[in-house]
Each structure stands twice: as structure tokens, then as C-alpha cells.
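Structure first, commentary second.
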Amino acid sequence: MYGKGFAVVAEEIQKLAEQTRKAVDNIGTIVTASVEDTGRAVKVMEQSAELTETGMESMSEVGSSTALITSSNEKMTKQIVEMDHTVENIWSQSDEVAKGMQQVNVSTQNNYQAIEQVNAATQENSDGVEMIEDMVVRIRTLAEE
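Quick note on numbering: UniProt numbering labels position 144 of the sequence shown as 144, and the sequence is numbered without any gaps.
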């Protein structure tokens, strides 16, 4: 009776061994799948890290570009202000030139009037000299008679 009992136990042990082998194979398959999944997850994480790094570099470049644009805008604003001051100076100077031209015009008119007066006085002097010459001629004529 012991022989049959050992045979049953041996058969049960063999079944358990077979189940254990299948379970171990199953566990191996699960572990292999987990390792593969972990490998894929690591690759995805590495790619994500690379994309994050690239994004950070792009953001840094955008920041640099923004700073450059801001600097350029500040320079342009300063140049526009300088140009505005220059235009104001030109307008101010053109007003001064216009006033100067007006003064020159007034002076020219005054000089013209003075020349007219000198011409009139010269004409009067010339007329007076002619009159004196006529008188001298008459006096000579009278003196000779």
C-alpha cells in the first residue's frame, strides 16, 4: 500500500513540478515583457528629456532674440528722439534764418530809400550847380557889358 501511495505522491509532485515549470516560464515571459516595457519606457523618457532640452534651448534662443529686439527697439527710440531734437533745431534755426532774411529785407528797403534820398539830394545839388553856372555866366556877361 505504501508503494501505491508513493506513486500518487510522486505523480502529484510531478504535476506540481510541471505547474511550477509553467509558472516559472510564465514568470519569465512576464519578466521579459516587463524588461522590454521598461526599456521602451526608458527610451521614451530619454526622448522626452532630449525634447525638453531642445525646448529649453529654443526658449533660451527666444529669450536672447527678445532681448536683442528690445535692445534694438531702445536704440531706435533713442535715434528717433535724437532726430526729433535735430528737426526741432532745424525748425528753430530756419525761424532764425527767416527773421534774419526779414531784417535783411528791411535793411535793403531802408538802404534803397536812403539811396533814393541821396539821388534826390544829388539831383538838387546838380540843379543848384547848374543854376550857379547860369548865374556865373550872366554875371560875366553883365560884367563884360
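Note that CB positions come from ideal geometry on N, CA and C, so glycine has one too.
Check: Cα-Cα separation between SER107 and ALA114, rounded to whole angstroms; Outcome: 10 angstroms
Check: Coil, strand or helix - GLU61 by DSSP; Outcome: helix
Check: DSSP three-state assignment for GLU12, whether helix, strand or coil; Outcome: helix
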